[in-house]
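Undergrad:
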Amino acid sequence: MHMHSASSEHQHEEIGEIRYRRITAIWKGSLCLLFLVLCVLLLWIIVAGQTESVEKIYYPMAAILGMWMVGPFFFMFLNRSLQRSTVLLSWDQQHLHAGHRDLPWDQIRKIELTTPAQSKWQLSRSPMYAIYLKDGTRVHIHSDHLLGKKRLLHSLALLQQTLRGHQKLDRD
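Letter by letter, the sequence shown follows residues 1 to 172 in full-length UniProt numbering.
1) Can you pull the DSSP bridge partners for Arg101?
2) Along the chain, where does the beta strand (DSSP E) that runs through Arg80 open and close?
3) Rank Leu82, Leu147 and Ile131 by C-alpha distance to the C-alpha of Asp102 and give the top, closest one.
4) Cβ atoms of Gln160 and Ile111: under 8 Å apart, would you say?
5) Taking the straight line between their C-alpha atoms, what separation do you get for Glu55 and Ile64?
6) Return the chain-ordered list of same chain residues with a C-beta closer than 7 Å to the C-beta of Thr24, the five sequence neighbours on each side being excluded.
7) Does the region 124-141 come close enough to the region 79-99 to have 3 or more Cβ pairs within less than 8 Å?
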């Protein structure tokens, strides 16, 4: 998490931002790529005919399951590695900047750390910031497994403290 005083992208004064480290996305993506290469190698062993009859059943199943479980993470980490900005969200005195949305502090009811609903197609769920708005809608900011638990909790506490400060100012 970095704090800096100005941003040319939004043309306003920044108070804070939550960033991920690009190197984290690169090394996690590299590990996924290595695993995918091993899955392809398993398939190649079958095609090359270097397997016993029992292995012809297990190797393709292992390769397909491995690709199914790790493939989406590879593309997620690749996308994060190639993005120009490593900022997940930022804020100033007036707004919380979540992706391409600017959310006024007076429209935010609460901020929590949560995980998406269980999916039978993706086994590992990435923690995300859930921003609850006063109109009943929510905005989700996915961390994509790029922030450690300590950084997630610290940044959540900082966001909640900032929100409480704005809510107190609105009441006064």
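Where a beta carbon is used, it is the ideal one built from N, C-alpha and C, also for glycine.
TA: Concretely, from the data shown:
1) On the sequence shown, residue 101 is found 101 positions in, with the first residue counted as 1. DSSP lists Ala98 as partners of Arg101.
2) As a first step, residue 80 is located in the sequence shown; it is residue number 80 there, counting from the start. Not the beta strand (DSSP E): Arg80 falls in the alpha helix (DSSP H), residues Glu55 to Leu82.
3) Translated into the one-based positions of the sequence shown, residue 102 becomes position 102. Minimum Cα distance to Asp102 is reached at Ile131.
4) Stepping through the sequence shown from its first residue, residue 111 is reached at position 111. Stepping through the sequence shown from its first residue, residue 160 is reached at position 160. Result yes, Cβ atoms of Ile111 and Gln160 sit closer than 8 Å.
5) Working through the sequence shown from its first residue, we reach residue 55 at position 55. Working through the sequence shown from its first residue, we reach residue 64 at position 64. Cα-Cα distance, rounded: 14 Å.
6) On the sequence shown, position 24 is the one that residue 24 refers to. Here the set comprises Leu146.
7) Short answer: they touch.
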